[in-house]
Amino acid sequence: MTRLFWLFFMFPFLVWSQTETKGKFSTEIAYKKNYGYVLQSPENKKDKKPLIVFLHGSGEKGSDLEKVKVHGPLKYAKTHPIDAYLLAPQCPDGDYWDAEALHRLVQKIVKDNNIDPARIYLTGLSMGGWGAWNLAIAHPETFAALVPICGFVDRVPMIENCKLGRLPIRVFHGLLDDVVTVDYSTNIYKKLKACPESQVELTIFDDANHDSWTRVYDTPEIYEWMLKQTKPNTR
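So that you can map any letter, position 33 of the sequence shown is 33 in full-length UniProt numbering, and since no number is skipped, the others follow by simple counting.
Quick look at the structure:
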């Protein structure tokens, strides 16, 4: 018989146990993000003006800033002046929107320009819709309204949705979207709708595939709606 067998035979109540150590660990992880951006200013900058932040989709990544004018508010502003600052950062190739980096950019733009902190609006399409959800849930105190279009919705916004419960939100999606399923928008809408003082609306275009943004951004209604929203307790 082995020695181990004899130990159990001679000491049947012998109990083997592991030792336990408790401790604390802390670390600091730093990373760098570089975003080019386009900032368009209103004609009259003497008075404080609103700021519309637009996050583009994956097709406009890169270093050519003209791409951020292909869709969204900057495209609309080519023929329809908007009495607001328009900020469109550009996500580099191989990267994705980072909520903290975007928030610091917004803070810089607000600090450097005559912007009304009670009237900062956030919108984005596709990957930019995803980025808008994440940025809004990370810093809900920053924005007066949110307009995500055909965006994927991460787990955190789904779980912490009522952090956005009082924020005016208009969600848009195409029923036929085969890139980002409409279920993301319908599910987050149901979650938000159940929050106290909810101000969320959902529009589903029955005939639209992934491009549900053109009809939203190319008409004045969404800008008129955004510019009417004012965040309380910021003046």
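Where a beta carbon is used, it is the ideal one built from N, C-alpha and C, also for glycine.
Please read these numbers as outputs of a predicted model, since none were measured by experiment.
Listed in chain order, the non-local C-beta contacts of Pro157 below 6 Å within the same chain comprise Trp133 and Ile137, local neighbours out to five positions each way being set aside. Looking at the DSSP output, Ala88 bridges to Val38. Contiguous alpha helix (DSSP H) elements confined to the stretch 87 to 118 occur at 99 to 112, taking only those with 4 or more residues.
Pro89 sits buried, since 16 or more C-beta atoms from the chains shown fall within 10 Å of its C-beta. Note that the C-beta distance between Gln229 and Ala145 is below 7 Å. Boundaries of the beta strand (DSSP E) harbouring Arg170: Ile169 to Gly174, taken from the DSSP string. Annotation: the continuous alpha helix (DSSP H) that includes Pro73 extends over Pro73 to Tyr76. Judged by beta-carbon spacing, Lys191 lies beyond the 7 Å limit of Val200, meaning their Cβ atoms are not closer than that value. Of the residues Val106, Cys91, Pro140 and Phe152, the one whose Cα lies closest to the Cα of Ser63 is Cys91.
The residues Gly174 and Ser212, in chain order, have a CB closer than 6 Å to that of Phe205 in the same chain once the five nearest residues on each side in sequence are set aside. Assignment of beta-bridge partners to Pro148 by DSSP yields Gly124. Judged by DSSP in its simplified three-state form, Thr214 adopts helix. Straight-line spacing of the CA atoms in Lys46 and Asn114 works out to 7 Å. Taking 8 Å as the upper bound for CB-CB distance, Pro73 and Phe54 are in contact here, some 5 Å apart.
Between Ile120 and Leu86, the gap from beta carbon to beta carbon reaches 7 Å or more.
Looking at the DSSP output, Ile204 shares a beta bridge with His173. For Ile29, the secondary structure class from DSSP, reduced to helix, strand or coil, is coil. Judged by DSSP secondary structure, Lys49 falls within the beta strand (DSSP E) whose first and last residues are Lys49 to Leu55. Only exposed fits Phe25, as fewer than 16 other CB atoms lie within 10 angstroms of its CB.
Asn34 and Glu160 have their C-alpha atoms roughly 28 Å apart.
For Ala30, the closest alpha carbon among the candidates Ala101, Gly23 and Asp93 is that of Ala101. Lys111 is classed as exposed because its beta carbon has fewer than 16 other beta carbons within 10 Å across all chains shown. In chain order, Val153 place their CB closer than 6 Å to the CB of Ile188, counting only its own chain and leaving out the 5 sequence neighbours on each side. Cβ-Cβ separation between Gly57 and Gly165: approximately 27 Å, too far for a contact (criterion under 8 Å).
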